[in-house]
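Single-structure report; data block below.
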Amino acid sequence: MISRRAILKTGGASAILLGASAGGAALYAHGPGMAKARAPWAAAGTSFGDPRIDALAYAILAPNPHNRQPWMFELVGDDRIDVYVDLNKRLPETDPFDRQITIGFGCMLELLSMAAAEKGTRAEVIPFPDSQPQPRLTRGRVAQVTFVPDDANRDPLFETILARRSTKDPFDMTKRVSADALNQVLAAGTGQLSLGGTTDPDRVRELIDLAWLGWMIEYETDQTRKESIDLMRIGNRAVVENPDGIDMGGVEMGLYKLTGIVSPQGLNEKGSQAYNIGIDMYRDIIHSSMGFAWITASENSRLSQIDAGRDWVRMNLAAQRAGLGIHPLSQVLQEFPEMAEPYRAIHTKLGAEDGVVHMFGRLGYTRFPAASPRWPVESKLISS
Ligand SMILES: Cc1cc2nc3c(=O)[nH]c(=O)nc-3n(C[C@H](O)[C@H](O)[C@H](O)COP(=O)(O)O)c2cc1C
């Protein structure tokens, strides 16, 4: 009999089972066999013999949707990086216009700039230098980055890059988020876009209802649920072989997979025990939100998506520095047809009827999770 206890490792339609306590789960997350998938976190800070790769080693640790790490880098001459997207690593069901994927690139470019500045170099970033592709991304360059030796200003948030997490566990509902903590998060932006947030209990309750509605729609829509399930890496071996997507590592998880207790088919079956536990788990996660923070823009352009990513990672770093957990809940912001109602509702609630809400996440306190898997930076370099 499977324990009712479960762990959800990502947002949306991705539920998993673990016959273990939350503490046990954390142990598995740190357990044997996962070191290789986390090695890029240790590699950042070592020298790769080229300052651009040294900076990229930090940049690839950026938050990004479903941890797809869709970036590819071409080193051009001795001072330029051309940034491309691996079109196979997009999320066509939950992110039909590649908006969230582009935001992930913004996060990555912000960390790249910070890491370059740490070495006294200004990273001159030109997003979409060739064209701003719509409605989906194309093979063209996502960004051109030139390293300019300069008196770049070091960014104090750099120091938090290795500690930063997206915190997906339930928050401690006895610990309120203070206005001061929220303000620290909102003050971290670049000033390009509008950052908002609330810790007001009534407003938080309303936003929880909306976030929950969005989550359920994503989960109950076959193609969006399946997109997440297809990206699950179940057991340490699967994570190490494919250190992207949805990390369901752990020795016990590997056993469940071997014995067939946890399988993608089972998770995808409406009404199954695994399916229902997924709902219970995420209900707890969303309903433990102690505050929310968001980013809005006046227009949904590729440039505003990049700016949103820059702001989001800065908010994430500022929250981390303050010991505060932050967790994107993107379901209500998604542009697939079944989400139209709550999409409209969140835009109205956050005063963005004429623009776009690019990021929306919950805030609260809990223990921070282990670092998420990454492909090594070298594997993301393409030759010209
Ligand atoms: C644009 C964007 C949207 C995201 N949406 C979600 C989400 O809806 N649910 C979730 O659990 N995480 C979401 N995340 C967080 C990613 O899952 C997370 O960054 C990734 O798994 C890597 O983990 P890390 O941030 O802890 O390194 C989002 C991140 C970005 C940049």
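Numbered per this note's numbering, the sequence shown spans residues 16 to 399.
Backbone N, C-alpha and C define an ideal beta-carbon position, used for all residues, glycine too.
Under 8 angstroms between C-beta atoms of residue i and residue j
i    : j    : result
V370 : S313 : According to the sequence shown, residue 370 is Gly rather than Val. Taking 8 angstroms as the Cβ cut-off, G370 and S313 qualify as a contacting pair.
A52  : P258 : yes
L446 : A59  : Since the displayed the chain opens at 16 and closes at 399, residue 446 lies outside it and no answer follows.
V140 : L124 : yes
F120 : V157 : yes
D326 : I341 : no
Y234 : G286 : no
L152 : T182 : no
T175 : R382 : no
L228 : A308 : no
M49  : G264 : yes
N82  : D262 : yes
T236 : E353 : yes
A226 : L106 : no
Q199 : A333 : yes
Whole-angstrom distance between residue j and residue i, CA atom to CA atom
i    : j    : result
P85  : K104 : 5 angstroms
D184 : D93  : 43 angstroms
V160 : S128 : 9 angstroms
A360 : E221 : 11 angstroms
E393 : R180 : 22 angstroms
G376 : K364 : 14 angstroms
E89  : T214 : 43 angstroms
A323 : T274 : 43 angstroms
A203 : V372 : 18 angstroms
I244 : A132 : 39 angstroms
P66  : Q288 : 50 angstroms
K134 : D224 : 45 angstroms
T239 : K272 : 22 angstroms
M247 : V91  : 35 angstroms
W230 : D166 : 46 angstroms
A57  : E356 : 43 angstroms
V98  : D217 : 43 angstroms
K395 : R389 : 11 angstroms
A12  : N331 : An answer regarding residue 12 cannot be provided, because it is not within the stretch 16 to 399 covered by the chain.
V192 : S398 : 47 angstroms
L318 : F143 : 8 angstroms
E284 : L197 : 39 angstroms
V266 : G260 : 18 angstroms
M305 : P164 : 43 angstroms
G155 : V100 : 8 angstroms
D170 : Q115 : 25 angstroms
E256 : T136 : 35 angstroms
L102 : A130 : 26 angstroms
N291 : P391 : 36 angstroms
Environment of residue i [buried if 16+ CB atoms lie within 10 Å]
i    : result
G338 : exposed
T189 : exposed
G379 : buried
E108 : buried
Q320 : buried
E242 : buried
D295 : exposed
R329 : buried
S387 : buried
P11  : Shown here, the chain extends from 16 to 399; a query on residue 11 therefore has no answer.
D110 : buried
N251 : buried
N168 : exposed
Y43  : With a pLDDT of 39 at Y43, under the threshold of 50, the modelled position of that residue is not reliable, and the figure given next carries that caveat. That one is buried.
G64  : exposed
T61  : exposed
A40  : Unreliable positioning characterises A40 in this predicted model, as indicated by a pLDDT of 38, which lies under 50. A coordinate reading is not provided.
A194 : exposed
P269 : At residue 269 the sequence reads Gly, which differs from the Pro that was named. Buried, since its Cβ has 16 or more Cβ neighbours within 10 Å.
Beta bridge counterpart(s) of residue i as assigned by DSSP
i    : result
E284 : E284 is not bridged to any residue.
Q207 : According to DSSP, which records beta bridges pairwise, Q207 is partnered with nothing at all.
H342 : R377
E139 : T161
W390 : None; W390 has no bridge partner.
F307 : T213 and R377
A289 : None, per the DSSP bridge assignment.
Y234 : Paired residues: none, contrary to the question.
R95  : V91 and T161
V100 : W86
L396 : F88
A312 : V371
CB contact check: residue i to chain D, cutoff 8 angstroms
i    : result
K241 : As a matter of chain content, chain D is missing from the structure shown, which is built from one protein chain.
Hey, is the segment 62 to 80 in contact with the segment 279 to 290, meaning 3+ C-beta pairs nearer than 8 angstroms?
-> Judged by Cβ distances under 8 angstroms, the segment 62 to 80 makes no contact with the segment 279 to 290, as fewer than three pairs qualify.
Determine, using beta-carbon pairs with one atom in the segment 195 to 214 and one in the segment 346 to 354, whether at least three such pairs fall under 8 angstroms.
-> no
Evaluate the contact criterion for the segment 145 to 159 versus the segment 298 to 310: three or more CB pairs, one atom per stretch, below 8 angstroms.
-> Taking 8 angstroms as the limit for Cβ pairs, the verdict is that the segment 298 to 310 does not touch the segment 145 to 159.
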